[in-house]
Amino acid sequence: MSMSAWLVERRLSQVATRLKSLRAELAVIDEQLSHLADDADDQAIRALVSETAGASFEARDAQRHVDALTKHRTHVVTEIASLEQRQDELLDKM
Numbered sequence: 051m052s053m054s055a056w057l058v059e060r061r062l063s064q065v066a067t068r069l070k071s072l073r074a075e076l077a078v079i080d081e082q083l084s085h086l087a088d089d090a091d092d093q094a095i096r097a098l099v100s101e102t103a104g105a106s107f108e109a110r111d112a113q114r115h116v117d118a119l120t121k122h123r124t125h126v127v128t129e130i131a132s133l134e135q136r137q138d139e140l141l142d143k144m
């Protein structure tokens with residue numbers, strides 16, 4: 051096996067390992083996001099019903115958590131797509 055083929059295989063292995071890790075992380079994020087979104091919806095309803103400053107604060111705080119996790123999810127999805135493209139490029143080199 052040539053040195054370049056060895057390097058391609060090594061890089062493919064690294065990309066595959068990172069993809070596996072990111073896909074597992076994405077599954078966790080999706081589960082957490084589902085729960086946080088439900089909680090944020092509940093908090094928003096409570097804030098509407100109670101009309102108190104504390105309930106409004108809790109609702110906004112819950113939504114900020116949803117927004118932050120959604121942003122992180124987008125980053126992970128983008129990184130997965132980039133690694134999948136890199137994997138395709140490496141497979142083309144083989």
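Positions 51 to 144 (the working numbering) are the ones given, in order, by the sequence shown.
Where is the CB? At the ideal position from N, CA and C, for every residue including glycine.
Check	Outcome
Classify ALA109 as buried or exposed, calling it buried when 16 or more other Cβ atoms lie within 10 Å of its own Cβ.	buried
Below 7 angstroms CB to CB, which residues in the same chain sit around GLU129 once its five sequence neighbours on both sides are set aside?	LEU72
Can you say whether ILE95 is buried or exposed, counting buried as having 16 or more other CB atoms within 10 angstroms of its CB?	exposed
Just how far apart, CA to CA, sit LEU133 and VAL99?	46 angstroms
Starting from SER52 and walking both ways along the alpha helix (DSSP H), at which residues does that stretch end?	Premise fails: SER52 is in no alpha helix (DSSP H) and is neither H nor E.
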